[in-house]
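First up is the structure itself, then whatever we jot down about it.
Chains as they are written, first to last, in this note's numbering: chain F, 2 to 323; chain R, 256 to 707.
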């Protein structure tokens with residue numbers, strides 16, 4: 002069952018900025034879904050439309066089977082916005098109590114749940130300190146706690162590990178895996194591609210308001226037709242013969258990288274080597290990282306930002322000394 | 256429950272502002288000062304002597320009359336009843352008036368003396384005096400006591416024997432008291448003041464005018480940031496993704512913003528209610544009515560602030576616009592009273608028919624009906640308080656006196672009504688509530704359709 006469905010979603014700001022240009026996607030129940038894209042690609046706009054914070058210019062979107070913006074559905078959704086600003090006159094615990102009341106949780110439920118989620122995100126020791134005394138990472142943890150407070154069916158996390166140290170990131174990853182195991186759908190928007198790769202089942206890459214890639218992590222990172230090949234000790238790869246037959250080979254030390262061209266098959270290559278009496282000991286289909294894929298996909302510079310140029314030469318001493 | 260949660264949140268936000276505590280301390284200080292005022296009840300003799308002393312003082316103060324002796328005095332004073340309250344007593348006393356030319360007088364002084372004698376002597380007849388004293392006593396008899404000594408030249412000596420039964424002062428609040436500050440430590444330099452006048456001064460001027468204006472200003476400044484803060488990026492997302500309609504959320508937060516004014520007014524008015532009740536023995540329930548009333552006045556201003564908060568999300572703009580609106584409403588209220596209400600037909604300063612039919616007169620009057628009645632509600636609050644002071648509290652046993660007291664009360668009420676023009680709650684409240692609803696309606700609409 003699709004928990005999130007968008008169909009040809011368009012968002013126009015003013016007359017010049019088109020933040021989303023017909024985005025259509027589906028997120029299934031229990032998935033960890035990653036939304037990737039450069040700054041200004043339209044990720045936050047998409048999340049905000051799904052949550053009813055923004056209204057779409059064109060197209061439709063539904064969340065848990067209801068049109069986005071439906072008030073009742075929000076009780077089943079958790080949300081951690083990017084650049085959140087919690088009222089700093091609250092303590093961690095009182096903030097959760099406040100949000101819990103707005104969600105409609107009973108007093109008993111709040112009293113039961115708040116200490117648990119604060120412990121879950123690792124700040125129960127500072128639960129009664131004012132938020133203004135929290136570090137950025139602690140605020141992020143409170144943000145995650147409020148998103149989890151009412152045990153929602155879907156959670157939207159916009160840059161959940163922003164400002165969190167490596168240990169904290171790992172904890173958050175484990176937390177999200179735990180949520181997934183309990184059937185919660187997680188919609189993550191993050192720049193930390195390594196984490197997305199570790200966490201997400203499926204991702205969508207947005208570029209300037211349009212979906213440019215989508216699929217499972219496995220599908221997207223697989224480099225079709227590139228293999229790492231190694232023979233048993235003492236055997237030598239007949240490079241010349243293979244090149245004459247059209248195989249592109251590159252040495253990577255003890256192994257060889259084979260790039261298959263159209264019509265070539267790795268099975269044919271392996272058969273050929275075996276016929277030559279050679280013993281194949283290593284054969285791995287090469288993958289690329291999500292970051293490689295992302296950079297390849299989104300080559301253009303971030304909208305409104307110039308491409309990085311070479312560093313200018315350092316100033317000479319006399320140029321800046323008074 | 257969501258409403259209570261928003262209220263609690265606003266309370267937290269209010270309590271987080273250090274300014275709130277400063278205001279609280281100031282309010283408690285004002286209440287303490289008002290509570291430290293003690294009221295010593297003057298006897299009738301003290302009251303009469305203070306009055307005559309004042310008259311003599313003013314005559315002596317005139318440099319043109321420095322060679323003319325003018326003295327009004329009270330003599331042979333006695334009380335004929337055994338009641339405790341001076342305003343319920345029956346009295347007998349002589350009022351003496353002496354006008355004499357001093358030895359060093361010149362021709363100019365003699366002329367002035369003659370002029371004065373010609374003016375005063377006919378006024379000092381028992382009949383005229385009786386009429387004058389009837390303002391003070393429901394039953395009074397005045398008789399002139401002729402001196403046995405031969406009349407001196409250049410001297411007017413009059414002695415009037417006055418017999419009274421009861422007074423027109425209906426209660427302790429209407430009677431005269433000597434106020435002292437700090438529980439009797441420092442006598443205030445006033446002599447003939449009614450207790451109600453002293454309390455009205457404290458409530459209307461110190462608290463109602465300066466205190467309320469100060470509290471209003473601080474409230475405008477402090478609460479101006481509440482709604483912009485709520486609508487700030489990163490903060491508003493957290494709230495509008497909760498299962499609540501945006502107008503509901505906005506209105507709850509707005510009501511929460513009124514808390515600051517409500518709490519401050521409750522402390523000061525509630526405090527005054529108790530200290531005045533305990534110190535002066537007057538339990539003014541109208542003081543408690545002033546709590547919602549001042550909150551309503553603040554609600555007018557806060558609804559304007561709320562609209563501009565949605566439009567601009569900038570606290571400084573909210574403060575500036577609200578202060579401007581406050582000044583404008585104040586000025587419009589005064590202007591309407593001075594130029595329209597006070598000049599209606601039947602008023603003392605009534606304008607001519609031609610002026611009343613002038614397009615500017617009519618236009619201003621019509622436009623005024625569309626504005627919230629800030630000043631009008633403020634006046635109606637003062638009227639409420641003054642009405643409570645006028646209400647008779649000590650009822651005399653004598654039926655005739657009781658009837659007279661009721662008559663005086665009605666006359667005073669009519670006078671009060673006249674003073675406050677045609678301003679009524681039924682006119683002021685609907686227009687004001689409609690204005691607040693309009694401002695909030697616009698703000699809610701904008702908050703609902705805006706992308707955050």
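C-beta: ideal position from N, C-alpha, C; glycine also.
For clarity, every value in this text was computed on a predicted model and none was experimentally measured.
| request: Could you name the residues of the same chain whose beta carbon sits closer than 6 Å to that of residue 428 of chain R, not counting the 5 residues immediately before and after it, in chain order? | output: 450, 451, 537 and 644
| said: Give me the chain B residues within the contact set of residue 56 of chain F, using Cβ-Cβ distance strictly less than 9 Å, ordered along the chain. | reply: In summary, chain B is missing from the structure at hand, where the protein chains are F and R.
| query | Closer than 9 Å, CB to CB, is residue 8 of chain F near chain R or not? | reply | no
| said: Quick check: what's the CA-CA separation for residue 97 of chain F versus residue 117 of chain F? | reply: 11 Å
| field | Same chain, Cβ closer than 6 Å to residue 278 of chain R, five either side skipped, listed in chain order | value | 473 and 519
| said: Quick check on the burial criterion: 16 or more other C-beta atoms within 10 angstroms. Buried or exposed for residue 434 of chain R? | reply: buried
| said: Per DSSP, what are the beta-bridge partners of residue 436 of chain R in this structure? | reply: R:441
| Residue nearest to residue 338 of chain R in terms of C-alpha spacing, selected from R:270, R:284, R:371 and R:420 | R:420
| field | chain R contacts from the stretch 15-42 of chain F (Cβ-Cβ distance under 7 Å) | value | none
| task | Express the C-alpha separation of residue 595 of chain R and residue 613 of chain R in angstroms, rounding to a whole number. | result | 11 Å
| request: Examine the Cβ distances between the stretch 97-112 of chain F and the stretch 183-192 of chain F and report whether three or more of them are shorter than 8 Å. | output: no
| residue 196 of chain F to residue 256 of chain R span [Cα, whole Å] | 39 Å
| request: Could you tell me the distance, in whole angstroms, from the CA atom of residue 577 of chain R to the CA atom of residue 302 of chain R? | output: 48 Å
| Cβ-Cβ distance between residue 555 of chain R and residue 289 of chain R below 9 Å | no
| query | Which residues bound the beta strand (DSSP E) around residue 235 of chain F? | reply | Here residue 235 of chain F belongs to no beta strand (DSSP E), and DSSP marks it neither H nor E.
| query | Taking Cβ positions, are residue 582 of chain R and residue 619 of chain R nearer each other than 9 Å? | reply | no
| request: Return the CA-CA distance between residue 302 of chain F and residue 468 of chain R, expressed in angstroms with no decimal places. | output: Confidence at residue 302 of chain F is low in this model, with a pLDDT of 46, below 50, so its placement is unreliable and the value that follows should be read with caution. Near 57 Å, if we compare the C-alpha coordinates of residue 468 of chain R and residue 302 of chain F.
| query | Taking all protein chains shown into account, do 16 or more other C-beta atoms lie within 10 angstroms of the C-beta of residue 550 of chain R, making it buried, or fewer, making it exposed? | reply | buried
| message | Would residue 603 of chain R and residue 611 of chain R be called neighbours here (beta carbons separated by less than 9 Å)? | response | no
| field | Reference residue 475 of chain R, options R:535, R:504, R:526 and R:560, closest by Cα | value | R:560
| query | Quick one, are the C-beta atoms of residue 285 of chain F and residue 211 of chain F less than 9 Å apart? | reply | no
| Residues bridged to residue 85 of chain F by DSSP? | Looking at the DSSP assignment, residue 85 of chain F forms no beta bridge with any residue, so it has no partner.
| Per-residue burial, residue 285 of chain R [other beta carbons within 10 Å of its own, 16 or more giving buried] | buried
| message | Please report the straight-line C-alpha distance between residue 679 of chain R and residue 477 of chain R, rounded to a whole angstrom. | response | 32 Å
| Within chain F, partners of residue 489 of chain R - CB distance below 7 Å | 82, 84, 85 and 86
| query | Thinking C-beta only, is residue 28 of chain F closer than 9 Å to residue 214 of chain F? | reply | no
| message | Does residue 216 of chain F come out as helix, strand or coil in the three-state DSSP assignment? | response | strand
| Who does residue 349 of chain R pair with in a DSSP beta bridge? | R:330 and R:416
| task | Could you tell me whether the Cβ of residue 425 of chain R comes closer than 9 Å to any Cβ of chain F? | result | no
| Cβ distance (whole Å) where residue 266 of chain F is taken to contact residue 35 of chain F below 8 Å | Wrong, their Cβ atoms sit about 33 Å apart, outside the cutoff.
| task | May I have the straight-line CA-CA distance separating residue 633 of chain R from residue 458 of chain R, to the nearest angstrom? | result | 12 Å
| Contacts of residue 672 of chain R in chain F (Cβ-Cβ under 8 Å) | The premise fails here: residue 672 of chain R is roughly 48 Å from chain F at the closest Cβ pair, so nothing lies under 8 Å.
| Roughly how many angstroms separate the alpha carbons of residue 181 of chain F and residue 270 of chain F, rounded to a whole number? | 41 Å
| request: Closer than 9 Å, Cβ to Cβ, to anything on chain R: give me those residues from the stretch 175-209 of chain F, in chain order. | output: none
| Alpha-carbon spacing of residue 153 of chain F relative to residue 75 of chain F, whole angstroms | 9 Å
| query | Who are the neighbours of residue 256 of chain R on chain F, taking C-beta pairs under 7 Å? | reply | 102
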